[in-house]
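These notes concern the structure reproduced below.
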Amino acid sequence: MHTHSERSADAAASPTHPLQGIARVLAAIGTVWIFLLMLMVVADVVGRNFLDKPITGVAEFAARSVASIVFLQLAAAICSGRMTRSDFLLRFIAARSIRALRVLELASALLGALMFAALAFIAWPELSQAWQSDEFFGVQGVYTVPTWPFRALIVGGSIMASLAYLMQLPALWRHAGEFGEPT
């Protein structure tokens, strides 16, 4: 029996699929963002505690960055079969029925695709409003950062996550009818 991670990775298509390449680039951007954010926080702490000169806006920027980083890395997690989940129940089901497990994996991918598509649809008006109204966070005259790039990453990351789940569906569908041996 394949593990879920192996099957999900297979189901996401070949490693050369354009979606996986895009997902990897986005994940790499998220990783670099984490590193740069870490440097900003360390510089702020050093400036605040040793030089009595904190860097303005680091806390606010870090707070906005967390969701953006998560959505940048989401599609890569799905494509590689590393999306966080509890597999206790799935192992219990797999021990009794491989087919039931495969049907649940198919349903999970379909629901994931629908959920992230819905999230993108719901977040789109907020992105549009932020763009049109020049919404920002920060203190006017001190520092301001537009909110639309952060909102765009949530919409784009949701679309990519939905597509990553959709890419898994054909292979999961093919495996759904297989019975296999319970382990």
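The numbering of the sequence shown is the working numbering, which starts it at 1321 and goes up by one.
All C-beta atoms, glycine included, are put in the ideal place defined by N, C-alpha and C.
Identify whether residue i lies in helix, strand or coil by the three-state DSSP scheme.
i     : result
P1466 : strand
G1367 : helix
G1377 : coil
G1341 : helix
R1384 : helix
R1405 : coil
Residue i and residue j look like a contact to me (Cβ under 8 Å); what is the Cβ gap, rounded to whole Å?
i     : j     : result
A1484 : A1343 : 6 Å
A1456 : P1466 : As written in the sequence, residue 1456 is Phe, which differs from the Ala given in the question. Confirmed, about 5 Å.
S1478 : L1439 : 4 Å
L1447 : L1424 : In fact, because the Cβ distance is near 33 Å, the residues do not count as touching under 8 Å.
I1418 : I1389 : Their Cβ separation, rounded to whole angstroms, is 36 Å, which puts I1418 and I1389 out of contact at 8 Å.
Under 8 Å, do residue i and residue j count as touching if we go by C-beta distance?
i     : j     : result
A1481 : F1412 : no
I1474 : A1443 : yes
A1382 : L1359 : no
L1392 : I1349 : yes
T1404 : V1462 : no
L1339 : M1487 : yes
G1489 : A1429 : Going by the sequence as given, residue 1489 is Leu instead of Gly. Contact: yes.
W1468 : W1451 : yes
R1402 : H1495 : no
G1458 : E1380 : yes
For residue i, decide whether its Cβ has a neighbour in chain D, counting only Cβ atoms nearer than 8 Å.
i     : result
L1394 : No chain D appears in the structure shown, which is made up of a single protein chain.
**Message:** For a minimum of 4 consecutive residues, which ranges assigned as the alpha helix (DSSP H) are wholly contained in the stretch 1419-1498?
**Reply:** Secondary structure within the stretch 1419-1498: the alpha helix (DSSP H) runs of 4 or more consecutive residues, fully enclosed, are 1468-1496 (chain order).
**Asked** Using 8 Å as the threshold, is the stretch 1363-1374 in touch with the stretch 1396-1411, meaning 3 or more CB pairs across them?
**Response** In the pairwise beta carbon analysis, the stretch 1363-1374 is classified as not touching the stretch 1396-1411: fewer than three pairs are separated by under 8 Å.
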